[in-house]
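Okay, so here's the structure we're looking at.
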Amino acid sequence: MRFVRSFGKSFARAAFACIVILPNASLGGARPQGATNTISLAAITDRTNALYRCGERAEFTVTVAGLANLVATGRAERINIHLSLDGGKTIADMELPVKDSITVTNTLDEPGFLRCDAVYNADGKKYRACAAAGFEPERIKSAAVMPDDLDSFWNDGIRKLGKMPLDAKMESIPEYSDDGAQSFKISLQNVDGSRIYAYLGIPEKRPPPFPVHVLIPGAGVGPKSAQWVKDWAGKGAIALNVAVHSFDIGLPRGEIDEKYGHFCRMETYAGVTNREAYIFRRSILGIDRFIKYAAARPDFDGRHIVVGGSSQGGGLALI
C-alpha cells in the first residue's frame, strides 16, 4: 500500500509557489489578446526546483496581468512585496511602482525558506501571490529534542484505540447527493469517551475500487458542509473531510460556532502539561482512525491515499 502525504518529506526538499487569480480569471490558460479588465498575480523563483545554497541570491519574479486598463486610466498605483523567513522574521519590505513584471533578489545565510509575498490593491480589491526559495532545507534542525518514547507513546495509543469498536454511525445527506456522488455525515468512537466526525463522499455509478482523499481543515470550527466530499466523490475518489475537534458537524451552525468559541477560550491548551490528557491527542488518534477506516473499506483500491490540509490541517497531515 502506498500512502501519499501532502506536504510530506518532499516539502523539506523543495519550496512552494502559488498563484492567486481573482474575478473571472481562468486557471492555467493563456489570456486572450486585449483582455485587460481581469487582474492576476503570479510569483516564481528563477530556479525550477527553487533550491539554493546559503549565501546564494534567489531571484523572485512577480508578474501582473491585466494592467493595461488601469495604466491607461492612471489607476495602476503601487505593489507591496514582503520578504520573510518563512512568513516569520521580516527580511525586506518594499513598495514599488506596479508593472507587468517585477524582479527582486535576496538571500539567507542560514538554512530555511525565503518567502516572497506580493500584495496589490486596485479598485478596492486585493490581489495576492507568493513564492518561496529553499536554502539548504536538508540542514534545518529540529526545534526540540524528540523524546525517546515518542513512537511507543503513539503506537500504544493507536493500539488501545484499535481495540475499541469503531461504532461507525452514518447519516445520508440528500442535499449533497446526486447521480455522481453520495454524501454522508459519519462519526467513529474515539478515546476519552469522545467521537470524531467527518463528511464522507462515495462515488456513485462508477465501478470500484477507488482512491481515497482525506482533507484535514485548518484552525476554526471545521468543515462547514459536505460540498468538498461531494465534489471529490464526483471525480471518482472516496473523500473524507475530518473535523479536528469533537463537535458534531450535524449541529446547527450557530451552535457549532458557540461551542468553538467556548473551546478557544477554555480548552485550546487543556491538558498541555499531560500528554495523555492533551486535547490534540484525541484529535491525532481520531484522524488516524479515520484513515484506517478508509483503508479498510472494500471499495478502496488498496494503493492510493492522499492526506492533506493547510495550516493546522497541514501540520496534522504531516503527523
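Numbering-wise (the working numbering), the sequence shown opens with residue 161 and increments by one. Where is the CB? At the ideal position from N, CA and C, for every residue including glycine. Being a predicted model, the structure only gives us computed values, none of them experimental.
DSSP three-state call for residue i: helix, strand or coil?
i: arginine 457; result: coil
i: proline 371; result: strand
i: phenylalanine 313; result: helix
i: glutamate 335; result: helix
i: leucine 478; result: helix
i: arginine 463; result: strand
i: tyrosine 420; result: helix
i: serine 385; result: coil
i: lysine 329; result: strand
i: isoleucine 318; result: helix
i: arginine 366; result: coil
i: isoleucine 300; result: coil
i: leucine 245; result: strand
i: leucine 348; result: strand
i: serine 443; result: helix
i: phenylalanine 450; result: helix
i: glycine 414; result: helix
Can residue i and residue j be called in contact, C-beta distance under 8 Å?
i: isoleucine 241; j: alanine 278; result: yes
i: serine 147; j: glycine 378; result: The requested residue 147 is not part of the displayed model; the chain covers only 161 to 479.
i: isoleucine 362; j: glutamine 342; result: yes
i: valine 381; j: isoleucine 447; result: no
i: alanine 454; j: isoleucine 465; result: yes
i: phenylalanine 273; j: alanine 293; result: yes
i: glutamate 216; j: threonine 267; result: yes
i: methionine 330; j: isoleucine 318; result: no
i: glutamate 364; j: aspartate 339; result: yes
i: valine 372; j: alanine 393; result: no
i: cysteine 214; j: glutamate 296; result: yes
i: alanine 358; j: leucine 400; result: yes
i: isoleucine 376; j: glycine 226; result: no
Using the Cβ count rule (16 or more neighbours within 10 Å means buried), how would you classify residue i?
i: threonine 205; result: buried
i: proline 145; result: Outside the shown range of the chain, which is 161 to 479, sits residue 145, and nothing can be said about it.
i: histidine 422; result: exposed
i: cysteine 290; result: buried
i: serine 332; result: exposed
i: valine 432; result: exposed
i: arginine 275; result: buried
i: tyrosine 429; result: exposed
i: valine 480; result: Nothing about residue 480 can be read from this structure; the chain reaches only from 161 to 479.
i: alanine 456; result: exposed
i: proline 383; result: buried
i: leucine 230; result: buried
i: leucine 201; result: buried
i: valine 374; result: buried
Contact check, residue i vs residue j under 8 Å by CB: the rounded distance?
i: phenylalanine 450; j: isoleucine 356; result: 6 Å
i: valine 264; j: isoleucine 239; result: Going by Cβ atoms, the distance from valine 264 to isoleucine 239 rounds to 11 Å, so no, they are not a contact pair.
i: arginine 442; j: asparagine 315; result: With 8 Å as the limit, arginine 442 and asparagine 315 do not qualify as a contact, their Cβ atoms being about 16 Å apart.
i: leucine 360; j: valine 389; result: 6 Å
i: alanine 203; j: tyrosine 212; result: Contact flag wrong, Cβ pair sits at about 16 Å.
i: phenylalanine 460; j: phenylalanine 370; result: 7 Å
### Query
Residue ranges of each beta strand (DSSP E) run of no fewer than 3 residues wholly in the segment 252-295, ordered along the chain?
261-266, 272-282, 285-295
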